[in-house]
Ligand SMILES: *[C@@H]1O[C@H](CO)[C@@H](O)[C@H](O)[C@H]1NC(C)=O
Ligand SMILES: *[C@@H]1O[C@H](CO)[C@@H](O)[C@H](O)[C@H]1NC(C)=O
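Numbering (our numbering), first residue to last: 1 to 173.
This is how it looks when you write it as C-alpha cells:
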C-alpha cells in the first residue's frame with residue numbers, strides 16, 4: 001500500500017510538471033508568432049498566472065490586465081506631477097484625459113460580445129496615447145518622461161491588439 005500511494009503521488013507530480021512545461025511553451029509559442037516577441041515575453045512572464053494558462057484567451061486577458069495596471073500607474077504618476085516645465089504640465093492635463101480613456105479601454109475590452117471588437121478597443125487605447133503624444137510634441141515637450149511613458153503604453157496596445165487578433169482567429173476557426 002505505501003508503494004501504491006507513493007506511485008500515485010509520483011504520477012500526480014509528473015502530470016503537474018508536464019502541465020507547467022507545456023504551459024511555459026504556450027507563452028513562448030504565442031510570443032514567437034507576434035511581432036512583439038521580447039515585450040510579449042517580458043509582459044507575460046511578469047505575471048505568475050501565465051504559467052497556468054492553457055489557451056490564448058487567458059494569455060490575452062493577462063496581457064490586457066497588466067496593460068490596465070501599468071496605464072493606471074502611469075496616469076497616477078502623471079496626476080502626482082505638480083512642478084516642472086510649463087510645456088510638460090500643460091501636456092499632462094490632456095494626457096491624463098487620454099489615459100483615463102486608455103484605462104477604460106484596457107479594463108473593459110473583454111466585456112465586448114463580438115471578439116473582433118476587443119482588438120478594436122485596444123487599438124482605440126493606442127489612438128488615445130497617440131493623441132497625448134501629438135499634443136506633447138506640439139507643446140514642445142517631446143523630450144520629457146511623457147514620451148517614454150507613451151512608448152511603453154503603445155507597446156502594450158500593439159501587443160494586446162496582436163494577441164486579440166490571434167485569439168479571435170483561433171476562436172473563429
Ligand atoms: C510599465 O511597464 C514597463 C514595462 O514592463 C515598466 O518598465 C514600467 O516601469 C511600468 N510603468 C509603471 C508606471 O508601472
Ligand atoms: C519613443 O518611440 C519612438 C518611436 O519608436 C522612438 O523614436 C523614440 O526614440 C522613443 N523615445 C523614448 C524616449 O523612448
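All residues carry an ideal CB built from backbone N, CA and C; glycine is no exception.
Rounded to the nearest whole angstrom, the C-alpha separation of residue 59 and residue 106 is 14 Å.
Following the DSSP letters along the chain, one finds residue 42 inside the alpha helix (DSSP H) bounded by residues 37-45. Checking the 7 Å criterion, the Cβ of residue 151 is within range of a heavy atom belonging to ligand 2.
Where residue 48 is concerned, there is no enclosing alpha helix (DSSP H), because DSSP gives it neither an H nor an E. Taking a cut-off of 8 Å for Cβ pairs, the region 141-149 and the region 74-91 touch, as three or more such pairs fall below it. Cα atoms of residue 132 and residue 159: separation of roughly 19 Å, rounded to the nearest angstrom. Take the alpha-carbon of residue 161 and the one of residue 119: they are about 5 Å apart. Taking a contact as a CB-CB distance under 8 Å, the pair residue 43 and residue 73 does not count as one, their CB atoms being some 14 Å apart. Under the criterion of beta carbons closer than 8 Å, residue 129 and residue 104 do not qualify as touching, at roughly 13 Å. For ligand 2, no non-hydrogen atom lies closer than 7 Å to the CB of residue 74. The Cβ atoms of residue 66 and residue 47 lie closer than 8 Å to each other.
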